[in-house]
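Just below is one structure, and these are the notes that go with it.
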Amino acid sequence: KFSLHWIMIGRLPAIVIDNGTGYSKIGYAGNTEPQSIIPSCIAVKEYSKVGAREVRRLGTGLDDLNFYIGDEAIALDGKNDFSVKWPIRHGIIEDWDLMQRYMEQLIFKLLRAEPEDHYFLLTEPPLNTPENREYLAEIMFETFNIPGLYIAVQAVLALSASWCSNRTGGRSLTGTVIDSGDGVTHVIPVVDGYVIGSCIKHIPIAGRDITSFIQHLLRDRETNIPPELSMEVAKQIKERYSYVCPDLPKDLLNMIVNQINGLNHMSFQNLRNIQHFLLMSVMNVSWVRKYFFSLNSSIQTLQPH
Numbered sequence: 036k037f038s039l040h041w042i043m044i045g046r047l048p049a050i051v052i053d054n055g056t057g058y059s060k061i062g063y064a065g066n067t068e069p070q071s072i073i074p075s076c077i078a079v080k081e082y083s084k085v086g087a088r089e090v091r092r093l094g095t096g097l098d099d100l101n102f103y104i105g106d107e108a109i110a111l112d113g114k115n116d117f118s119v120k121w122p123i124r125h126g127i128i129e130d131w132d133l134m135q136r137y138m139e140q141l142i143f144k145l146l147r148a149e150p151e152d153h154y155f156l157l158t159e160p161p162l163n164t165p166e167n168r169e170y171l172a173e174i175m176f177e178t179f180n181i182p183g184l185y186i187a188v189q190a191v192l193a194l195s196a197s198w199c200s201n202r203t204g205g206r207s208l209t210g211t212v213i214d215s216g217d218g219v220t221h222v223i224p225v226v227d228g229y230v231i232g233s234c235i236k237h238i239p240i241a242g243r244d245i246t247s248f249i250q251h252l253l254r255d256r257e258t259n260i261p262p263e264l265s266m267e268v269a270k271q272i273k274e275r276y277s278y279v280c281p282d283l284p285k286d287l288l289n290m291i292v293n294q295i296n297g298l299n300h301m302s303f304q305n306l307r308n309i310q311h312f313l314l315m316s317v318m319n320v321s322w323v324r325k326y327f328f329s330l331n332s333s334i335q336t337l338q339p340h
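In structure tokens form, the structure reads like this:
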């Protein structure tokens, strides 16, 4: 029976979990894309300090099993005493209790898998501490009783995916990876599959900061967007209209010309006004300018001479 169990483990695909600040991706090794991509948040019930201690303690114990993750959690935020929490901040796990419950839902509810029957591949940020890595392994082995685990740096996996997709020409696991997610941006040099830790550049600006900034601009413009929807609206604006400028001065000049040419078209003018306002506002924010040049200089520094 013991030998049969290990034979079955060898035949079943490994489970891959990529936990990020904003989103988590989970699926099986060998597939071309993740099975699920969901927000890295969990909705739990919070009780006020008012009331009998025994009642609050009983409620807290029962609600340990009553929680939701992902889009379901976001939909329940502020309803029936539910509050949304984000266990990962700037790429690092900060709330281990919530993270463990989040992983339970990922494995048992989304994948409907038995962790004892699969090997696991988990990802970690490049500047993750050894203590965090050890505690994550402890949870996976002792709580989920998995047979095997490998924890890989996200940048190395990204470079490896690029290596596998390059069917022509020379393929190498050496390169510079710019990893800008929801919570943090890293510039990581990789040589022959090994991360050069002393040269990693950490920039604490990423997608969520841009979303929050657009939300702040919408608030300043006194739009009629309900406060509980402002973050989602700002996120949709970012995803629909934002883009990377390869030549920023040229793009700004073209935008001004189009702004002038579109004065006679009200709908076109309104759209350009919003775009012009957002971009010019971003250029006037000191921390954006600071870290923009920091990213640019970091990339230039890592280039071979």
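Last residue of the sequence shown? That's 340 in the numbering used here, and every number before it is there in order.
For every residue, glycine included, the Cβ atom is placed at its ideal position computed from N, Cα and C.
The structure presented is a predicted model; accordingly, all values stated were derived computationally and were not measured.
* Beta-carbon separation of D116 and E81 under 8 Å? -> For this step, residue 116 is matched to residue 81 along the sequence shown. For this step, residue 81 is matched to residue 46 along the sequence shown. Their beta carbons are under 8 Å apart, which means D116 touches E81 by this criterion.
* On the three-state DSSP scale, how would you describe A241? -> For the purposes of this step, residue 241 is taken as residue 206 along the sequence shown, with counting starting at 1. Correct three-state label for A241: coil.
* Asked: Which residue or residues does DSSP assign as beta-bridge partners of L184?
  -> Residue 184 sits at position 149 when you count from the first residue of the sequence shown. According to DSSP, L184 bridges with F155.
* Asked: Going by other Cβ atoms of all chains shown within 10 Å of its Cβ, with 16 needed for buried, is K36 buried or exposed?
  -> On the sequence shown, residue 36 is found 1 positions in, with the first residue counted as 1. Residue placement at K36 is poorly supported in this model, since its pLDDT is 43, which falls under 50; the coordinates are not used for a value here.
* Asked: Roughly how many angstroms lie between the CA atoms of G62 and N289, to the nearest whole one?
  -> By one-based count along the sequence shown, residue 62 stands at place 27. By one-based count along the sequence shown, residue 289 stands at place 254. Looking at the two C-alpha atoms, the distance is approximately 43 Å.
* To do: Keeping to the same chain, check which residues put their C-beta closer than 6 Å to that of A87; ignore five residues upstream and five downstream.
  => In the sequence shown, residue 87 corresponds to position 52, counting from 1. With a pLDDT of 46 at A87, under the threshold of 50, the modelled position of that residue is not reliable, and no figure is offered here.
* Asked: With a cut-off of 8 Å, does the C-beta of Q271 fall near any C-beta of chain B?
  -> The structure shown contains no chain B, having only a single protein chain.
* To do: Grab me the residues of H190's own chain with a C-beta within less than 8 Å of its C-beta, minus the 5 sequence neighbours each way, in chain order.
  => In the sequence shown, counting from the first residue as 1, residue 190 sits at position 155. Reading off the sequence shown, one finds Ala at residue 190, where the question assumed His. Here the set comprises P161, V212, D214, H221, I223, V225, V230.
* Asked: Quick one: what does DSSP say Y137 is sitting in, helix, strand or coil?
  -> Taking the first residue of the sequence shown as 1, we reach residue 137 at position 102. Y137 falls in the helix class under three-state DSSP.
* Asked: Rounded C-beta distance between S75 and N54? I'm assuming under 8 Å.
  -> Here residue 75 refers to the residue found at position 40 when the sequence shown is read from its first residue. Here residue 54 refers to the residue found at position 19 when the sequence shown is read from its first residue. Indeed they touch by this definition, with Cβ atoms about 6 Å apart.
* Same chain, Cβ closer than 6 Å to L141, neighbours up to 5 away in sequence not counted -> On the sequence shown, position 106 is the one that residue 141 refers to. Taken in chain order, the residues that qualify are I61.
* Should P122 go down as buried or exposed, given a rule of 16 or more other Cβ atoms within 10 Å for buried? -> By 1-based counting over the sequence shown, the position of residue 122 is 87. So P122 ends up on the buried side.
* **Backbone secondary structure at R124 - three-state DSSP** => Indexing the sequence shown from 1 puts residue 124 at position 89. Here R124 sits in strand by DSSP.
* Asked: Among residues of its own chain, excluding the 5 on either side of R168, which ones have a beta-carbon nearer than 8 Å to its beta-carbon?
  -> Taking the sequence shown and counting its residues from 1, the one referred to as residue 168 is at position 133. Answer for R168: E159, I186, listed in chain order.
* Can you tell me which of I127, L157, E107, N293 puts its alpha carbon nearest to the alpha carbon of E166? => Walking along the sequence shown from the start, residue 166 turns up at place 131. Considering only alpha carbons, the answer is I127.
* On the DSSP bridge assignment, give the partners of K236 in chain order. => The count along the sequence shown starts at 1 and reaches residue 236 at position 201. For K236, which the question treats as bridged, DSSP gives the partners V222.
* Could you give the distance in angstroms between the alpha-carbon of P182 and the alpha-carbon of Y154? -> Mapped onto the sequence shown, residue 182 falls at position 147. Mapped onto the sequence shown, residue 154 falls at position 119. When rounded, the distance between both Cα atoms is 6 Å.
* Please report how far the alpha carbon of F179 lies from the alpha carbon of R254, in whole angstroms. => In the sequence shown, the residue the question calls residue 179 occupies position 144. In the sequence shown, the residue the question calls residue 254 occupies position 219. In a straight line, the C-alpha of F179 is about 44 Å away from that of R254.
* Asked: Cβ atoms of D106 and I77: under 8 Å apart, would you say?
  -> Start at 1 with the first residue of the sequence shown, and residue 77 comes out as number 42. Start at 1 with the first residue of the sequence shown, and residue 106 comes out as number 71. Contact flag unset, no.
* Asked: Hey, out of D217, Q250, T209, D152, whose CA is closest to A241's CA?
  -> Reading the sequence shown from its first residue, position 206 is the one you call residue 241. Closest option to A241, Cα to Cα, is D217.
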